[in-house]
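Below you can see the structure in the form of structure tokens.
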């Protein structure tokens, strides 16, 4: 004769097995996952490359600005040193000077922008390096916590497996076949509690006949609506 209360315990045991199996899989994935550290390392590498490129740009712009300053000095020497006396040549030299001053200002502004970028990138690199260092330092503790959790879940799963082996034999083959079939089609919930005359699986009120059959939890009574096995609390 089936024991519906024990069958309900079997269902709860199966839920426990599924939950811990899923949790164990999640823990195993986290133990194997080094992506956070790897991503932090790649972030630092990207910033190092960016800083290198910005440094190259800065040096190139500094050379351009220095070149304009040199050319302006030579031109000023000609303009104000008495080397140019012809008015037209003086006018042309002054136009050339104005052009070079404007171009130098453009490059100085670009250089200033690059220097600001470098400052921001250096701050970001410092932050990325600190983050990577913290992740590496905290990883052993995190792994130890996950390992303890893995060991606990493995032990609980073993206990649940033993419990399941104890519950199954007393139900009879036909009941277990029905139970497994309903679990597949009912989202894992083959049994539903009966509370206040109502099936808690579909929330519909049961007939008087159904309620009478569930007394003692010794008969396999299925809800006429959702077909789950009824368990009278």
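In the working numbering, the protein residues as written are 90 to 322. C-beta atoms are modelled at their ideal positions from N, C-alpha and C, and glycine is treated no differently. Please read all numbers here as calculations on a predicted model, not as lab measurements.
Of the residues the options, the one placed nearest residue i, counting alpha carbons only
i	options	result
residue 228	112, 242, 120, 136	120
residue 225	201, 93, 130	130
residue 106	271, 210, 245, 300	245
residue 289	307, 306, 189, 315	315
residue 169	177, 157, 158, 182	182
residue 110	193, 249, 221	249
residue 219	203, 304, 126, 247	126
residue 96	279, 141, 304, 303	279
residue 304	313, 260, 291, 286	286
residue 192	273, 150, 100	150
residue 113	313, 243, 302	243
residue 155	189, 256, 211, 312	189
residue 162	180, 187, 175	187
residue 291	199, 260, 302, 313	313
residue 221	177, 319, 124	124
Residues sharing a beta bridge with residue i, DSSP
i	result
residue 190	Looking at the DSSP assignment, residue 190 forms no beta bridge with any residue, so it has no partner.
residue 320	282
residue 311	318
Distance, residue j Cα to residue i Cα
i	j	result
residue 206	residue 143	8 Å
residue 283	residue 296	12 Å
residue 254	residue 133	53 Å
residue 93	residue 271	14 Å
residue 268	residue 262	10 Å
residue 239	residue 230	14 Å
residue 214	residue 136	6 Å
residue 208	residue 195	20 Å
residue 103	residue 223	40 Å
residue 140	residue 153	20 Å
residue 251	residue 241	16 Å
residue 211	residue 158	29 Å
residue 201	residue 166	28 Å
residue 100	residue 216	51 Å
residue 179	residue 198	29 Å
residue 128	residue 91	56 Å
residue 171	residue 177	14 Å
residue 122	residue 138	26 Å
8 Å contact criterion, which residue i and residue j should meet: CB distance rounded
i	j	result
residue 235	residue 116	5 Å
residue 306	residue 321	6 Å
residue 264	residue 309	6 Å
residue 203	residue 147	5 Å
residue 164	residue 185	7 Å
residue 281	residue 237	Contact doesn't hold; Cβ gap of about 37 Å is too wide.
Extent of the continuous alpha helix (DSSP H) to which residue i belongs
i	result
residue 133	124-169
residue 289	Where residue 289 is concerned, there is no enclosing alpha helix (DSSP H), given that its DSSP letter is neither H nor E.
residue 273	262-274
residue 111	93-121
residue 277	Unbroken run through residue 277: none, as it is neither H nor E.
residue 300	297-303
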